[in-house]
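Engineer: Below is the structure I would like to discuss, written out as structure tokens.
6 protein chains.
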Amino acid sequence: MTTQLPGPDLESDARVKAVFDDIRATRKTDFINNMWRWLAFDPALLERTWTEVKEVVGKPSSIDPLTKEMIYVAVSVANNCTYCVHSHTAAARAKGMTEAQYGELLAIIGLAGKTNQLATALQVPVDPVFDASQQGA
Amino acid sequence: MTTQLPGPDLESDARVKAVFDDIRATRKTDFINNMWRWLAFDPALLERTWTEVKEVVGKPSSIDPLTKEMIYVAVSVANNCTYCVHSHTAAARAKGMTEAQYGELLAIIGLAGKTNQLATALQVPVDPVFDASQQGA
Amino acid sequence: MTTQLPGPDLESDARVKAVFDDIRATRKTDFINNMWRWLAFDPALLERTWTEVKEVVGKPSSIDPLTKEMIYVAVSVANNCTYCVHSHTAAARAKGMTEAQYGELLAIIGLAGKTNQLATALQVPVDPVFDASQQGA
Amino acid sequence: MTTQLPGPDLESDARVKAVFDDIRATRKTDFINNMWRWLAFDPALLERTWTEVKEVVGKPSSIDPLTKEMIYVAVSVANNCTYCVHSHTAAARAKGMTEAQYGELLAIIGLAGKTNQLATALQVPVDPVFDASQQGA
Amino acid sequence: MTTQLPGPDLESDARVKAVFDDIRATRKTDFINNMWRWLAFDPALLERTWTEVKEVVGKPSSIDPLTKEMIYVAVSVANNCTYCVHSHTAAARAKGMTEAQYGELLAIIGLAGKTNQLATALQVPVDPVFDASQQGA
Amino acid sequence: MTTQLPGPDLESDARVKAVFDDIRATRKTDFINNMWRWLAFDPALLERTWTEVKEVVGKPSSIDPLTKEMIYVAVSVANNCTYCVHSHTAAARAKGMTEAQYGELLAIIGLAGKTNQLATALQVPVDPVFDASQQGA
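Protein chains in written order, with full-length UniProt numbering: chain A, 1 to 137; chain B, 1 to 137; chain C, 1 to 137; chain D, 1 to 137; chain E, 1 to 137; chain F, 1 to 137.
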């Protein structure tokens, strides 16, 4: 099921072709996953989204690639995005996530799901030591 | 604001005292943050929650302690838990999170928030290659 | 903090006065909590909302009043509505919720928060026996 | 998959028939979409829900019909309701939403998804100028 | 679709077998639903989750078994967990939930969904009488 | 409360100053709201976010400015972002949202909150006519 189908010849649009070419070159594969094909109906949205993914996830930085993917999985689970849970879990595995790490990732996500709800239910006041406005931090 | 206040002498309950003592010993500090004080009205819930936190977050494992806290922050943001965002951001800093890492963590959380909504809006079909039931994985 | 303040003389509007009078009569109290005062700027929205609350929560039915409030608390926690968590926790107490029941309610909400995220993370397939379209149910 | 199937002869219930007849008359079509057929097991819930939809979405008002549907899509995406995303995206198209407008709608939803998470992660304090209680507004 | 498939011989792991045996004995059935089979790849996570479910949902307590399941359904709907909505709706029916109760449960969940969003949109201030920190409660 | 405070002299960073100058020029005001001041610790994140806001919300397009803000409010409510609900409700008013429109906006958000939860609870199957993959659309 989907709300919209990609057209038959997406890359006849020059902007779409440029993004798809960059995805192929960056990832060193011919495979374009559905997310990009579904965004292609709006080339500006496609360009902005790919540029941001490349900048945030793709560039070498202070967080290693596998950790980035595990954080992406965690947010996608909490936001309940079926597509994103599948694609980023696969990406985390492709970047080396072991079964042990996957089990731990789930354990943290599940525990956070629980303590998030407990703190919200009790409306626990934030300790002053955690509040930067009370710390001069 | 809160839905319930902790009583005046929480540690007069032996089970509460045992948990609080273990928190102090494990964390090597006298500070007991509000989450635990607010859970103390139900000693069984307090015990179970602390035991799980100690097991999942506290034990040496295949995910390093800072990464665990950053994942905890990510889930807490997506679940919108004010208390948890504050406490786990503080914990991540205490475990060495730099400003650069904090900025990147936010960038990933924000990007995931965006792509999660785009994929949900378009109801993008999961690529077969991401679906374990089609992979024999 | 709020996005809008109620006007100084809400009951000068006849429709608002009628709803407020009905709230007082139904609840046998002069107290009108903020939710209704904030909705009063749009009398049609106020009327529809109060009518539905009275119908769904107020009428004798197959679910007892305390259980209804506990369900309301549970949804409000999961949806993260600060005002609603406070007001419905107070209402549940007013209807007799004990400390033991409150502790159990939190335990269920917390456990559901955890297992919800685990099932979503793993994208566990629904067992055919739980799917009415496969049961003739 | 579903948790419950509609019975074989829903309109043998007079209240259900009356609602279905009103849906057909209001929308000038014989098509009754699944939402209403699934709600029919509880005629009171069906009646209340249809009455509210007719009042809020169907009546001429200060927000035009297409804008209402686009707002409905936006909330349904953020709340992650698969059925509602499909039905309201289709309804927006039926009311004239162009591809350009759909692309922009997604761009706003996605951007909001991102900035919502950033503001929550940073726990940005509300500027006094945005707070009605500090403005006498 | 799923992110991971259970292995072919889950009970060759002694810890998994012990949990599955306990599920069968506790529930007096040979049926192990998918949730447990999917968690089995991480025996520690499986054990912790089952132990908590048994403790929170399975033990006689101050909230009756049917009410517990209805609360579980309510949280699962608000958290949007497809698997959990199916499994806990089925469990509630198995524990005696009538059609009338199901209709009312949905009515409360739906109404809470609405008033939660209204209170959040208006940022309605919590009445002091609902705030335990202002009540000495 | 906040997890981090902006430094004392944000515009000593040239990239931050450039963004702030552009905000002032674009909005024709000296006022920089907190969101931007809080993002300034990470100039790249600040730049990307402002560029996207300017592109998506600020440019003339197929959706008028007031409608864009109302959609932004709707998503922010559903995602439960306190800061964003305040800032975008204020922005919608600044762009001409009337009290009648605000009431209707809330009515749609509230109704969607309700029907979203009902459709999720019942797991209503998507009608084939709403599914583009069955329509050749």
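All C-beta atoms in this analysis are idealised placements derived from N, C-alpha and C, irrespective of residue type, glycine included.
Indicate whether ALA92(A) and MET70(A) have their beta-carbon atoms separated by less than 8 angstroms.
Structural biologist: Yes, these two residues count as a Cβ contact at 8 angstroms.
Engineer: Using 8 angstroms as the limit for Cβ to Cβ distance, is ALA119(D) near chain A?
Structural biologist: Output row for ALA119(D): interface = no.
Engineer: Verify whether the separation of the beta carbon atoms of THR2(C) and VAL124(E) is less than 8 angstroms.
Structural biologist: Their beta carbons are under 8 angstroms apart, which means THR2(C) touches VAL124(E) by this criterion.
Engineer: If you run the structure through DSSP and keep just helix, strand and coil, what is GLY96(E)?
Structural biologist: Coil at GLY96(E), not helix or strand.
Engineer: Secondary structure at THR67(E), three-state DSSP: helix, strand or coil?
Structural biologist: Three-state DSSP puts THR67(E) in a helix.
Engineer: May I ask you to verify whether the stretch 39-50 of chain A touches the stretch 68-82 of chain A, counting CB pairs closer than 8 angstroms and requiring at least 3?
Structural biologist: Touching, no, given that fewer than three Cβ pairs across the two stretches are closer than 8 angstroms.
Engineer: At a CB-CB cut-off below 7 angstroms, which residues of chain A make contact with THR3(F)?
Structural biologist: The answer, in chain order, is ALA132.
Engineer: Taking ASN116(C) as the reference, give the member of ARG48(C), ALA132(C) and ALA78(C) with the closest Cα.
Structural biologist: The shortest C-alpha separation from ASN116(C) is found at ALA78(C).
Engineer: Can you check whether the C-beta of PHE41(F) is within less than 8 angstroms of a C-beta belonging to chain B?
Structural biologist: Yes - at least one Cβ of chain B is within 8 angstroms of the one on PHE41(F).
Engineer: Excluding five sequence neighbours on each side, which residues of the same chain lie with their C-beta closer than 6 angstroms to the C-beta of ALA137(A)?
Structural biologist: Unreliable placement is indicated for ALA137(A), whose pLDDT of 43 sits below 50; the coordinate value is still reported in the next sentence. Excluding residues within five positions, none has a Cβ falling inside 6 angstroms.
Engineer: Return yes when the Cβ of GLU52(A) is within less than 8 angstroms of the Cβ of LEU111(B), no when it is not.
Structural biologist: Going by C-beta atoms, LEU111(B) is nearer than 8 angstroms to GLU52(A).
Engineer: Taking the C-alpha atoms as reference points, what is the distance between LYS59(B) and ASP9(C)?
Structural biologist: Rounded to whole angstroms, LYS59(B) to ASP9(C) spans 59 angstroms at the Cα level.
Engineer: What do you get for PHE31(B), buried or exposed, if any count of 16 or more other CB atoms within 10 angstroms of its CB means buried?
Structural biologist: With fewer than 16 Cβ atoms within 10 Å of its Cβ, PHE31(B) is classed as exposed.
Engineer: Looking at CYS81(E): is its Cβ nearer than 8 angstroms to the Cβ of THR120(C)?
Structural biologist: It is a contact, given that the beta carbons lie within the stated cut-off.
Engineer: Rounded to whole angstroms, what is the Cα-Cα separation between SER87(E) and GLY96(E)?
Structural biologist: Each residue's Cα considered, the two are about 15 angstroms apart.
Engineer: Give the range of the alpha helix (DSSP H) segment to which ILE23(C) is assigned.
Structural biologist: From DSSP, the alpha helix (DSSP H) with ILE23(C) extends over 14-27.
Engineer: Please return the same chain residues whose Cβ sits closer than 7 angstroms to the Cβ of THR49(C), not counting the five positions on each side in sequence.
Structural biologist: Cβ within range, chain order: LEU39.
Engineer: Look at the Cβ atom of MET35(A), then the Cβ atom of TYR102(A), and state whether they are nearer than 8 angstroms.
Structural biologist: The answer is no: Cβ separation not under 8 angstroms.
Engineer: Comparing C-alpha positions only, which one of THR26(F), SER76(F), ARG24(F) and PRO43(F) sits nearest to ARG15(F)?
Structural biologist: If we check each option's Cα against that of ARG15(F), PRO43(F) comes out closest.
Engineer: Determine the DSSP secondary structure at ALA137(B), reduced to helix, strand or coil.
Structural biologist: Bear in mind that the predicted position of ALA137(B) carries a pLDDT of just 43, short of 50, making it unreliable; the figure below should be weighed with that in mind. It is coil, neither helix nor strand.
Engineer: Counting along the chain, where does the alpha helix (DSSP H) carrying GLU11(A) start and finish?
Structural biologist: Segment: none, GLU11(A) is in no alpha helix (DSSP H) and carries neither H nor E.
Engineer: Would you tell me roughly how many angstroms separate the C-alpha atoms of ASP22(A) and ASP127(B), rounded to the nearest one?
Structural biologist: Their backbone Cα atoms lie some 20 angstroms apart in a straight line.
Engineer: Just to confirm before moving on: does the CB-CB distance between ALA132(A) and ILE109(A) stay below 8 angstroms?
Structural biologist: For ALA132(A) and ILE109(A), no; Cβs fall outside 8 angstroms.
Engineer: Is the CB-CB distance between THR98(F) and SER61(D) below 8 angstroms?
Structural biologist: No, these two residues do not count as a Cβ contact at 8 angstroms.
Engineer: Within its chain, find whatever has a CB closer than 6 angstroms to the CB of VAL56(F); leave out the 5 residues flanking it on each side and keep chain order.
Structural biologist: There are no such residues.
Engineer: Is residue 203(B) close to chain D? Criterion is C-beta to C-beta, closer than 8 angstroms.
Structural biologist: The question about residue 203(B) has no answer, for chain B in this structure spans 1 to 137.
Engineer: Does ALA25(A) pass the burial test, meaning 16 or more other C-beta atoms within 10 Å, or should it be called exposed?
Structural biologist: The residue is exposed, with fewer than 16 neighbouring Cβ atoms inside 10 Å.
Engineer: On the CB-based measure, 16 or more other CB atoms within 10 Å of its CB, does SER12(B) come out buried or exposed?
Structural biologist: Exposed: under 16 other Cβ atoms inside 10 Å.
Engineer: For GLY7(D) versus LYS114(B), is the C-beta spacing smaller than 8 angstroms?
Structural biologist: No. Outside cutoff.
Engineer: Taking Cβ positions only, does ILE71(B) come closer than 8 angstroms to chain E?
Structural biologist: No, ILE71(B) does not count as interfacial toward chain E.
Engineer: Is LEU118(A) closer than 8 angstroms to GLN4(B) when the C-beta atoms are compared?
Structural biologist: Not a contact, by the Cβ cut-off of 8 angstroms.
Engineer: Can you grab the Cα-Cα spacing for the pair LEU46(C) / LYS17(C), in whole Å?
Structural biologist: Those two C-alpha atoms are separated by around 11 angstroms.
Engineer: In or out: ALA90(D) buried (at least 16 other Cβ within 10 Å) or exposed?
Structural biologist: Answer is buried; the Cβ neighbour count reaches 16.
Engineer: Grab me the residues of GLN134(D)'s own chain with a C-beta within less than 8 angstroms of its C-beta, minus the 5 sequence neighbours each way, in chain order.
Structural biologist: The residues are PRO128.
Engineer: Please report whether the beta-carbon of residue 138(D) lies at a distance below 8 angstroms from any beta-carbon of chain B.
Structural biologist: Chain D is shown only over 1 to 137; residue 138(D) falls outside these bounds and no answer can be derived.
Engineer: Please state the DSSP three-state secondary structure of ASN106(B).
Structural biologist: At residue 106(B) the sequence reads Leu, which differs from the Asn that was named. Here LEU106(B) sits in helix by DSSP.
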